[in-house]
Amino acid sequence: MIKAFKADTDRKRILVRKADATRNRLLFVTHALRQLMAEEAFQDLLAAEGLNTLPRNLAARISRVEPA
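The working numbering puts the first residue of the sequence shown at 122, with every later residue one more than the last.
1) Indicate whether Thr151 and Arg182 have their beta-carbon atoms separated by less than 8 Å.
2) Among Phe149, Ser184, Leu148, Phe126, whose alpha-carbon lies nearest the alpha-carbon of Met158?
3) Of all the alpha helix (DSSP H) runs that stay within the bounds of the stretch 129-169, which reach a length of 4 or more residues?
4) Report back the beta-carbon spacing between Leu166 and Asn173 to the nearest angstrom; my notes put them in contact at under 8 Å.
5) What three-state label does DSSP hand Leu172 in the structure shown?
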C-alpha cells in the first residue's frame with residue numbers, strides 16, 4: 122500500500138514538473154510574440170507571407186495585459 126502511494130506521489134510530482142515547464146514555455150512564447158507583434162516590420166513580413174491572422178486563442182493571449 123505504501124509502495125503504491127509513493128509511486129503515485131512520484132508520478133504526480135513528475136506531472137507537476139512537466140506542467141510547470143510547459144507553462145514557462147508558453148509564457149516565454151507569449152512574451153516574445155507580444156514584442157514581435159509590436160514591430161511594424163514584423164507585421165509587414167507576416168502580411169507579405171500571407172500570414173495576416175493568428176489563431177483566436179493565441180491572439181487573445183497576446184493582447185491580454187499580464188499582471189506585473
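Just so you know, even glycine gets a beta-carbon here, dropped at the ideal spot from N, CA and C.
Per the coordinate set shown:
1) Stepping through the sequence shown from its first residue, residue 151 is reached at position 30. Stepping through the sequence shown from its first residue, residue 182 is reached at position 61. Thr151 places its beta carbon less than 8 Å from that of Arg182.
2) Numbered from its first residue, the sequence shown carries residue 158 at position 37. Nearest option by C-alpha distance: Ser184.
3) Here the runs fully enclosed are 161-169.
4) The residue you call residue 166 lines up with position 45 of the sequence shown. The residue you call residue 173 lines up with position 52 of the sequence shown. That belief does not hold up - the Cβ atoms of Leu166 and Asn173 are roughly 11 Å apart, past 8 Å.
5) Residue numbering aside, residue 172 sits at position 51 when the sequence shown is read from its first letter. In this structure, Leu172 counts as coil in the three-state DSSP scheme.
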